[in-house]
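In our numbering, the protein residues as written are 516 to 626.
C-beta atoms are modelled at their ideal positions from N, C-alpha and C, and glycine is treated no differently.
Presented below is the structure to which this report refers.
Right, here's the structure in full:
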């Protein structure tokens, strides 16, 4: 039997939705247009007052939004934002020693 995805607390969805919109550099009006909904509906989704429809999520997915993350709080496999994609592309051709040096610097910044 197939396992269903584990959903994060729905109360976190509005915050993730706002974050997704801001990461794209969009205001509510422009993000609502991507989702084919009114500004009023977008505001209600971000306030947690109403739940979006499946067609809203389909429209967001078509625009490149990680809908799996919106619903679960877990990034989809292979979903990287633009900055991380640039980093991965820059590191990919490096030797193992060069990658290890870069990872050491990243770990130093992270701690």
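Residue 565 (DSSP reduced to helix, strand or coil): coil
Closest residue to residue 531 among 619, 552, 608 and 562 (Cα-Cα distance): 562
Closest Cα partner of residue 535 within the set 598, 607, 605 and 584: 584
Own chain partners of residue 565 with C-beta closer than 6 Å, once the 5 adjacent residues on each side are dropped: 559
DSSP-derived helix/strand/coil call for residue 581: coil
Separation of residue 622 from residue 538, as counted between CA atoms: 24 Å
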